[in-house]
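In the numbering used here, the protein residues as written are 7 to 469. For every residue, glycine included, the Cβ atom is placed at its ideal position computed from N, Cα and C. Encoded as structure tokens, the structure appears first; notes follow it.
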Amino acid sequence: MNEDKPNRVDDASTPNKTAKTVENAQASESLSNQAVVDTPSQSHMASNNDANTNIAAIQPEPTMSATRIQTDPSDDLPTNTNEPINAADTNKIDSTEAGDGKDDTPMPPTESIPAPAGWSPKKKSFFNLALLIALIVIGVALILYAWKLPPFTPTMQQTNNAFVKGQTTIISPQVSGYVTEVAVEDFANVVAGDLLVKIDDRTFQQQLEQARANIDIALTNRSSNAQDTGTSQAQIQAREADVYSAKVSVDSAREDVNRYQGLIAIGAVSSADVAHAEAQLAKAQAGVQQAEANLQVAVEGSKKTTASRSSLDANIKNAEAAAKQAQINLDNTIIRAPESGQLSQLSVKTGQYVTAGTQLMYIVPKGVWIIANFKETQVANMTIGEAATIHVDALGGTRFSGRVSNISPATGSEFSAGAANPATGNYIKIAQRIPVRIDLDSNQPDLARLRPGMSVSVDVDTK
């Protein structure tokens, strides 16, 4: 029933609808002209750089319907369809229908509004160009600074790969045995020569006594050999005398034979006498040969005695060396501090059996230095004697001064046991590290607080 009411109202108010449509068209045309007038000033305020763009912006669409400027009148209609429609609502509906309908009435052409007198688009400012150049220069400078390229190449070379080093010495026994005494405690300060550990020395005492006994035996044998040498010399002399006596007997027997041979011619002696004389000569000659043989035996005996004497002298030296080694082993049962310093934590206890080379403790002397591992690109301008500043992390960043004392002849990788061979496999270029030794300046307040192994950071001025 309510849906038929608007239709009846529309049929009844047809004259009013026509009149209202004419009024709306006139009002729309007036608003369109006002919008055209206001648009140039607003467009001029929005853009000062492009005049052509402003002129195009203020041109309205020629075919735009004037009714499009109006707001949608349906927003004012009641939302409840059950409520009655009054005359005012009917007029709104009529105006809406009139606006939605196509209007074939041509709109008057809109003239373009010229730009204000004295106005012209601004030229590009020199400031913009200068700003662009400045940005480029700043960008290039940042790149050079980031890559440490000239003129931003740093003269202060820095590294955190640095440590405190010291002459850390391992204390180990040179002999094996049971520990009978530990005379120090953990982290004790000692002076060179202080007693550290004692090892049971009874075995080594026995070895020393045995070595000394061997020396006595060797000396006795040497003395006996000297006596034998004297006897041999006496025997040689006796045998030489026997040879001489035998030769004299030969000469005498030969003279007898010659005399008897002269006497037999005159018949003074018999043939038997001559034969007896010749027999005596032969006997004397045999005696000479025997005496010479005995002399040769005596000489050979003397040579053996002399050779034995050299061997006995060597035995004496060997026994003396064994005695000295036994004394050294006995002395090594007492372990003393080789130098002054501070001990580490002990790893030995009383009653423990230790062997030669067993690590008992460390001793760290007072003197320390710094080993800084710089990249190979950082040592190009580094020379011995340049000043260095050391920051110690363990001491709250305390600063120490020092100087470069030496630069390693090779990179650290060259001294490692498993150095890589770049000729095999894939190769990746990595900056190597070169160790640099830095000696600390003396008479610094906290120098005694430095401990080997501490992490430090080092700055070296390579100006």
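Could you check what DSSP says for residue i in three-state terms: helix, strand or coil?
| i | result |
| --- | --- |
| F169 | strand |
| R457 | coil |
| Q348 | strand |
| N449 | coil |
| N324 | helix |
| F193 | coil |
| S353 | coil |
| L214 | helix |
| T164 | This sequence places Gln at residue 164; Thr is not what is there. Residue state, collapsed to three classes: strand. |
| N134 | helix |
| F421 | helix |
| N412 | strand |
| L287 | helix |
| V464 | strand |
| I444 | strand |
Alpha carbon to alpha carbon, how far is residue j from residue i? Give it in angstroms, no decimals.
| i | j | result |
| --- | --- | --- |
| S276 | I270 | 6 Å |
| E284 | V303 | 29 Å |
| G373 | G363 | 25 Å |
| D319 | L446 | 57 Å |
| S463 | P441 | 14 Å |
| G402 | Q164 | 18 Å |
| R265 | S308 | 42 Å |
| W153 | A437 | 15 Å |
| A394 | V185 | 47 Å |
| V354 | I340 | 14 Å |
| D222 | R228 | 10 Å |
| D206 | Q180 | 13 Å |
| D248 | T235 | 20 Å |
| A224 | L453 | 59 Å |
| S182 | M367 | 16 Å |
| L137 | P156 | 24 Å |
| I4 | I396 | Since the first and last residues shown for the chain are 7 and 469, residue 4 lies out of range. |
| F133 | I144 | 16 Å |
| A325 | L352 | 38 Å |
| N335 | N321 | 21 Å |
| S238 | S314 | 13 Å |
| S407 | S131 | 56 Å |
| W375 | G172 | 6 Å |
| L148 | T468 | 23 Å |
Check whether the Cβ of residue i sits closer than 7 Å to any heavy atom of the ligand ADP, and report yes or no.
| i | result |
| --- | --- |
| N338 | Among the components modelled here there is no ligand, and therefore nothing to report on the ligand ADP. |
Give me the residue from the options with the minimum Cα distance to residue i.
| i | options | result |
| --- | --- | --- |
| I177 | G408, G402, G347, I376 | G347 |
| T174 | D467, T468, V466, P458 | P458 |
| A168 | S448, R439, P451, L453 | R439 |
| I327 | Q216, G183, V181, E187 | At residue 327 the sequence reads Ala, which differs from the Ile that was named. For A327, the nearest C-alpha among the options comes from Q216. |
| N387 | R405, M460, V410 | V410 |
| Y359 | K204, E191, L141 | K204 |
| L214 | Q331, A423, T356 | Q331 |
| E187 | Q239, A140, T356 | T356 |
| N300 | K435, V170, E261, Y250 | Y250 |
| A244 | G273, E191, E298 | E298 |
| N338 | S350, T361, S317 | T361 |
| P344 | G418, T159, I149, N195 | N195 |
| R208 | I369, V466, Q333 | Q333 |
Can you pull the DSSP bridge partners for residue i?
| i | result |
| --- | --- |
| Y184 | Y359 |
| A329 | None, per the DSSP bridge assignment. |
| T175 | I369 |
| W375 | K171 |
| T404 | V398 |
| K204 | E187, I340 |
| K380 | Per the sequence shown, the amino acid found at residue 380 is Phe instead of Lys. In DSSP, F380 forms a bridge with I440. |
| A393 | R409 |
Quick check: is the beta carbon of residue i nearer than 8 Å to any beta carbon in chain D?
| i | result |
| --- | --- |
| A292 | Absent from the structure: chain D. Only one protein chain is present. |
Touch test, the stretch 248-258 against the stretch 280-291, Cβ-Cβ under 8 Å, three pairs minimum: Taking one beta carbon from each stretch, the stretch 248-258 and the stretch 280-291 have 3 or more pairs nearer than 8 Å; the two touch.
With contact counted as at least three CB pairs below 8 Å, one residue from each stretch, are the stretch 194-209 and the stretch 379-390 in contact? With the rule of 3 Cβ pairs closer than 8 Å, the stretch 194-209 does not count as touching the stretch 379-390.
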